[in-house]
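Quick note on this note's numbering: the sequence shown kicks off at 22 and runs consecutively.
C-beta: ideal position from N, C-alpha, C; glycine also.
Treat the numbers as computed from the prediction; the structure is a model and nothing was measured.
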Amino acid sequence: MASLVEAVEIWKRFGRVEAVRGVSLRLEAGQVHGLLGPNGSGKTTSLKCIVGLLKPDKGIVTVFGEKPSANNGYKRNLGYVPENPSLPDYLTVQEFLIFSARLKGLVGDSVRSRVSELMESYELHQVSDRLVYELSKGIRQRLAIAASLVSSPTVLILDEPFNGLDPEAQKVTRLYINEIIEDGGGVLISTHLLDSAEKLCNYVTIIDDGRVLCSSSLSELKAKNGDSSLEEIFLSLVRVKKSAG
Numbered sequence: 022m023a024s025l026v027e028a029v030e031i032w033k034r035f036g037r038v039e040a041v042r043g044v045s046l047r048l049e050a051g052q053v054h055g056l057l058g059p060n061g062s063g064k065t066t067s068l069k070c071i072v073g074l075l076k077p078d079k080g081i082v083t084v085f086g087e088k089p090s091a092n093n094g095y096k097r098n099l100g101y102v103p104e105n106p107s108l109p110d111y112l113t114v115q116e117f118l119i120f121s122a123r124l125k126g127l128v129g130d131s132v133r134s135r136v137s138e139l140m141e142s143y144e145l146h147q148v149s150d151r152l153v154y155e156l157s158k159g160i161r162q163r164l165a166i167a168a169s170l171v172s173s174p175t176v177l178i179l180d181e182p183f184n185g186l187d188p189e190a191q192k193v194t195r196l197y198i199n200e201i202i203e204d205g206g207g208v209l210i211s212t213h214l215l216d217s218a219e220k221l222c223n224y225v226t227i228i229d230d231g232r233v234l235c236s237s238s239l240s241e242l243k244a245k246n247g248d249s250s251l252e253e254i255f256l257s258l259v260r261v262k263k264s265a266g
């Protein structure tokens, strides 16, 4: 069976800076795949290449077996939340979710039904008529995640999704992630919260300085490292990389 997402030896340079240097990863059905690394390690750039917001200088990206482009129909089955979501200031919460649903191809009663469910789950019904620019950072983040879930995507890609989220919203997000996995989908998530990643992810790719340090199921990685915590393994790998120059 083909991978849901595959990146093969992708490189991306900005001027003289090589932000991503030969990163390869695969997202399989049933995986919650954590993309982990220090700040500036290339996580966000890698995700932008995968969803088609950036074009790699070298390498190949496929999602559902297709190369990303503006016209890909598969994007109806892909949810994405960037690290700093840019939302339309002058739509209300409800208008934005309805717009997102229609953009993903939902029609008729399914739009209202799904939007109502997500507003209830993320406690957005209380601010449904508020304009986006009036919202706090935490509520904006809830709204961005809700919008990414509106089409019940097969693949969900999240860049630092828990930034600004209260514990209840984090719990709700984990429940929706579990639903995607149970339905045969996959989730690719970038986070610096290693404790959360250890509880949520069953596969991890650790990168630093734009390169992959390891890519493994979490259970195998822990078994090879004396059942150390993910944080201990992460720090050890990054430390070895730094000392090696």
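Quick one: is residue i buried, meaning 16 or more other Cβ sit within 10 Å of its Cβ, or exposed?
i: tyrosine 224; result: buried
i: alanine 244; result: exposed
i: phenylalanine 255; result: buried
i: lysine 33; result: buried
i: glycine 94; result: exposed
i: leucine 57; result: buried
i: serine 211; result: buried
i: aspartate 180; result: buried
i: arginine 161; result: buried
i: glycine 36; result: exposed
i: proline 89; result: buried
i: leucine 68; result: buried
i: serine 121; result: buried
Report the residue from the options whose alpha carbon sits nearest the alpha carbon of residue i.
i: serine 134; options: Val148, Ile119, Leu145; result: Ile119
i: valine 82; options: Arg37, Leu74, Ala218, Val29; result: Val29
i: alanine 218; options: Gly205, Pro182, Asp204; result: Pro182
i: arginine 195; options: Arg161, Ser142, Asn246; result: Ser142
i: leucine 239; options: Glu252, Asp230, Asp229; result: Glu252
i: isoleucine 11; options: Trp32, Val38, His54, Ala40; result: Here the chain comprises residues numbered 22 to 266, so residue 11 is not present and cannot be evaluated.
i: arginine 163; options: Asn184, Asn98, Thr175; result: Asn184
i: arginine 123; options: Lys79, Leu221, Ile166, Arg97; result: Arg97
i: valine 176; options: Leu75, Gly100, Ser250; result: Gly100
i: proline 106; options: Ser90, Ala165, Glu116, Cys235; result: Ala165
i: glycine 205; options: Val26, Glu49, Gln115; result: Glu49
i: glycine 51; options: Arg37, Glu39, Val26, Leu68; result: Val26
i: valine 38; options: Leu242, Ser237, Asp230; result: Asp230
i: leucine 112; options: Arg151, Cys222, Ser62, Leu214; result: Arg151
i: isoleucine 31; options: Gly80, Gly61, Ala40; result: Gly80
i: glutamate 189; options: Glu144, Glu116, Ser236, Arg260; result: Glu144
i: leucine 75; options: Gln191, Lys192, Ala40, Asp216; result: Ala40
i: lysine 114; options: Ala167, His213, Asp248, Val193; result: First, the amino acid is wrong: residue 114 is valine here, not lysine. Looking at the Cα atoms, Ala167 is the closest of the given residues.
i: glycine 61; options: Glu241, Ser137, His213; result: His213
i: valine 102; options: Gln147, Leu209, Glu138; result: Leu209
Just to confirm the assignment, what range does the alpha helix (DSSP H) spanning residue i have?
i: valine 132; result: 130-142
i: aspartate 180; result: From DSSP, aspartate 180 is part of no alpha helix (DSSP H) but of the beta strand (DSSP E) over 176-180.
i: aspartate 216; result: 215-221
i: leucine 68; result: 64-72
i: threonine 194; result: 188-203
i: phenylalanine 120; result: 114-124
At which residues does the beta strand (DSSP E) containing residue i begin and terminate?
i: alanine 50; result: First-last for alanine 50: undefined, no H or E at that position.
i: phenylalanine 35; result: 26-35
i: arginine 232; result: 232-238
i: tyrosine 224; result: 224-229
i: serine 211; result: 207-211
i: threonine 83; result: 79-84
i: valine 171; result: No beta strand (DSSP E) contains valine 171, which DSSP labels as neither H nor E.
i: valine 153; result: Unbroken run through valine 153: none, as it is neither H nor E.
i: tyrosine 101; result: 99-102
Under the assumption that residue i contacts residue j (Cβ atoms under 8 Å), give the Cβ distance between them as a whole number of angstroms.
i: valine 233; j: serine 24; result: That belief does not hold up - the Cβ atoms of valine 233 and serine 24 are roughly 16 Å apart, past 8 Å.
i: proline 59; j: cysteine 70; result: Wrong, their Cβ atoms sit about 19 Å apart, outside the cutoff.
i: threonine 10; j: glutamate 104; result: For residue 10 there is no data in the structure shown, the boundaries of the chain being 22 and 266.
i: isoleucine 202; j: valine 72; result: Not confirmed; about 19 Å, so no contact.
i: serine 131; j: methionine 140; result: Not quite, the Cβ-Cβ distance comes to about 15 Å (not below 8 Å), so this is no contact.
i: glycine 301; j: isoleucine 228; result: A query on residue 301 cannot be resolved here, the shown segment of the chain reaching from 22 to 266 and no further.
i: aspartate 187; j: glycine 207; result: Between glycine 207 and aspartate 187 the Cβ distance is about 26 Å, and since that is not below 8 Å, they are no contact.
i: cysteine 235; j: leucine 215; result: That pair is no contact at about 14 Å.
Inset, instruction - Take every Cβ of the segment 170-181, pair it with every Cβ of the segment 113-132, and state whether three or more of those distances are shorter than 8 Å. - result: yes
Legend entry - Segment contact, 8 Å Cβ cut-off, at least three pairs: the segment 35-53 with the segment 146-157: no
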